Amino acid sequence: MTHKIAILGASGYTGAELVRLIASHPNMEIKALTASRKAGQSMAQVFPFLRHLDLPELVTIEEVDFSEIDLCFCALPHATSQAVIRELPKDLKIVDLSADFRLRDPAEYTKWYGGVHDALELQAEAVYGLTEFYRDDIRGARLVAGTGCNAATGQYALRPLIADRVIALDDIIINLITGVSGAGRSLKENLLHAELSEGAHGYAVGGTHRHLGEFDQEFSAIAGEPVRVQFTPHLIPANRGILGTVYVKGSPEAVYKSLAQAYENEPFMIMLPFGETPSTRHVRGSNFCHVGVTGDRIEGRAIVMVALDNLTKGSSGQALQNANLMLGEDETAGLMMAPVFP
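Structure below.
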């Protein structure tokens with residue numbers, strides 16, 4: 279069976295990444311692609327690297343006939359997404375890549391995103407899209423909320439450790455570096471080559487990054503008590519990739535065992551040998567996530583490192599992984615391509 283797919287917001291990075299991935303999917307066909315400012319153009323004009331594909335022309339959302347669509351990916355900006363999804367057919371399967379449905383508590387959404395949520399009935403329905411930990415819920419979901427790419431990276435390092443109680447919950451530090459594509463495709467002065475190249479800097483320092491809302495929600499739910507982590511992201515002059523370095527109190531051997539058991543049968547989660555650490559260059563352009571654990575010179579402390587591609591495993595690849603479950607497809611369909619190296 280061929281599933282008919284729509285991608286809303288196809289002119290952004292995550293939209294283009296979805297097209298790239300779905301192009302190799304055996305049972306999906308892209309029937310509609312939308313963009314606001316670029317409606318009327320072809321994907322070849324907007325993204326020449328996709329010119330070999332036979333794709334529909336970019337149109338506005340209003341021009342799409344959703345009666346022909348089996349599943350819709352929404353790669354739209356925060357706040358825009360909820361307004362659009364609220365007007366879509368109520369039986370349409372949707373994977374949202376924005377932040378609009380990640381947080382279950384409306385007050386937390388307002389706290390981190392600065393506005394009142396306008397689709398609370400959908401927010402209550404949405405399933406959190408971290409596939410490896412919400413797989414059963416995702417299979418039966420109509421609306422899935424993709425995670426933040428930084429939030430996914432930190433959770434892959436920590437969820438099993440919190441669940442297994444092998445680390446201290448009051449002393450967790452997440453230090454993360456990320457490529458510039460995570461900021462989206464809109465023109466921003468601080469992301470110009472001359473402004474960004476040959477440097478690195480922290481941002482949202484001191485606990486203001488929005489993905490902390492996801493950490494608070496998910497880690498506290500696992501622990502059954504409030505868990506607050508320290509988290510500082512850094513922007514580096516690379517196009518793709520996230521490398522998270524997580525510092526915890528606990529036996530390095532116990533930390534490694536917990537993660538290795540959690541990911542033993544996960545197709546995209548690759549545990550490195552103990553003491554070996556990952557690199558973003560080894561996951562680039564893929565849906566794989568590499569996890570490494572090493573001890574620290576201070577006894578009783580461990581360092582967990584996680585590398586993934588923010589556009590693939592951190593966003594569009596995760597979205598396709600979830601869509602496969604929602605449509606009854608093999609979870610890995612369209613996603614087993616090898617990383618690009620060098």
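For the sequence shown, my numbering assigns the number 279 to the initial residue and increments by one for each residue that follows. Quick reminder that beta carbons are idealized off the backbone N, C-alpha and C, glycines included. Fair warning: this is a prediction, and the values are worked out from it, not measured in the lab.
Among L299, A532, I283, P355, whose alpha-carbon lies nearest the alpha-carbon of S345? By one-based count along the sequence shown, residue 345 stands at place 67. Selected option, being the one with the closest Cα: I283.
When burial is assigned at 16 or more other CB atoms within 10 Å of the CB, is E492 buried or exposed? Start at 1 with the first residue of the sequence shown, and residue 492 comes out as number 214. Result: buried.
Does DSSP put D374 in a helix, in a strand, or in coil? As a working note, residue 374 is residue 96 in the sequence shown. D374 falls in the strand class under three-state DSSP.
DSSP beta-bridge partners of M615: Taking the sequence shown and counting its residues from 1, one reaches residue 615 at position 337. Paired residues: none, contrary to the question.
Do you know offhand how far R298's Cα is from Y541's? For this step, residue 298 is matched to residue 20 along the sequence shown. For this step, residue 541 is matched to residue 263 along the sequence shown. If I take the Cα positions, the gap works out to 27 Å.
Under a three-way DSSP split, which group does M604 fall into? Indexing the sequence shown from 1 puts residue 604 at position 326. In this structure, M604 counts as helix in the three-state DSSP scheme.
DSSP three-state call for F351: helix, strand or coil? Residue numbering aside, residue 351 sits at position 73 when the sequence shown is read from its first letter. DSSP places F351 in strand when its eight states are reduced to three.
Beta-carbon separation of Q596 and T409 under 8 Å? Within the sequence shown, the letter at position 318 stands for residue 596. Within the sequence shown, the letter at position 131 stands for residue 409. In contact: Q596 and T409 (Cβ atoms closer than 8 Å).
Are the beta-carbon atoms of L537 and V561 separated by less than 8 Å? Within the sequence shown, numbered from 1, the residue matching residue 537 stands at position 259. Within the sequence shown, numbered from 1, the residue matching residue 561 stands at position 283. No, the pair does not count as a contact, with Cβ atoms beyond the cut-off.
Considering just the uninterrupted stretch of the alpha helix (DSSP H) at R248, what are its terminal residues? With the chain covering only 279 through 620, there is no way to say anything about residue 248.
Could you say which of N305, I300, E467, M547 lies nearest to L333 if we only look at CA atoms? The residue labelled residue 333 in the question sits at position 55 within the sequence shown. With distances taken between Cα atoms, L333 lies closest to I300.
Indicate the three-state DSSP secondary structure (helix, strand or coil) for Y541 in the structure shown. Stepping through the sequence shown from its first residue, residue 541 is reached at position 263. Correct three-state label for Y541: coil.
Between the CA atoms of V324 and R315 - distance to the nearest angstrom: If you number the sequence shown from 1, residue 315 lands on position 37. If you number the sequence shown from 1, residue 324 lands on position 46. Approximately 11 Å, taken between the alpha carbons.
For L513 and V584, the rounded distance between their alpha carbons: The residue labelled residue 584 in the question sits at position 306 within the sequence shown. The residue labelled residue 513 in the question sits at position 235 within the sequence shown. So the two alpha carbons sit approximately 16 Å from each other.
G480 bridges to which residues according to DSSP? In the sequence shown, residue 480 corresponds to position 202, counting from 1. DSSP output for G480 lists H512 as bridge partner(s).
On a Cα-Cα basis, can you pick out the residue from A288, G318, L375 that is closest to I308? Indexing the sequence shown from 1 puts residue 308 at position 30. Closest by alpha carbon: A288.
What whole-angstrom Cβ distance do P515 and V458 have, given they're in contact under 8 Å? Counting from one through the sequence shown, the residue named residue 515 turns up at place 237. Counting from one through the sequence shown, the residue named residue 458 turns up at place 180. Indeed they touch by this definition, with Cβ atoms about 7 Å apart.
Is it buried or exposed, R380, if we count other Cβ atoms within 10 angstroms and call 16 or more buried? Within the sequence shown, numbered from 1, the residue matching residue 380 stands at position 102. So R380 counts as buried.
Could you check which residue in L605, L370, S475, V533 has the C-alpha nearest to that of N517? Taking the first residue of the sequence shown as position 1, residue 517 is located at position 239. Closest option to N517, Cα to Cα, is S475.
Which residue wins for smallest C-alpha separation from A478, given the options I445, D574, I455? Residue 478 sits at position 200 when you count from the first residue of the sequence shown. Among I445, D574, I455, the Cα nearest to that of A478 is on I455.
M549 to V362, Cα distance in whole Å? Taking the sequence shown and counting its residues from 1, one reaches residue 549 at position 271. Taking the sequence shown and counting its residues from 1, one reaches residue 362 at position 84. Their Cα atoms are separated by approximately 39 Å.
Pairwise C-alpha distance: T510 and I450: Here the question's residue 450 lines up with position 172 in the sequence shown. Here the question's residue 510 lines up with position 232 in the sequence shown. The straight-line gap from Cα to Cα measures roughly 12 Å.
If we require 3 or more residues per run, which beta strand (DSSP E) segments fall completely within the region 385-432? 421-423
The ligand SAH and A397: does any heavy atom of the ligand fall closer than 7 Å to the residue's C-beta? For the structure depicted, the ligand SAH is absent and the ligand set is empty, with no information on it obtainable.
Would you be able to state if there are at least three C-beta pairs under 8 Å between the region 592-608 and the region 415-431? yes
Among residues of its own chain, excluding the 5 on either side of P504, which ones have a beta-carbon nearer than 6 Å to its beta-carbon? Taking the sequence shown and counting its residues from 1, the one referred to as residue 504 is at position 226. These residues qualify, in order along the chain: S498.
Measure the Cβ-Cβ separation of L613 and N565 and say whether it is below 8 Å. Position 335 of the sequence shown, counting from 1, holds the residue named residue 613. Position 287 of the sequence shown, counting from 1, holds the residue named residue 565. In contact: L613 and N565 (Cβ atoms closer than 8 Å).
Please identify the residue among L286, T425, M547 whose C-alpha is closest to the C-alpha of H489. By 1-based counting over the sequence shown, the position of residue 489 is 211. Considering only alpha carbons, the answer is T425.
Under 6 Å Cβ to Cβ from L331, same chain only, skipping five residues before and after it: list those, please. Here residue 331 refers to the residue found at position 53 when the sequence shown is read from its first residue. Excluding positions up to five away in sequence, the list reads A301.
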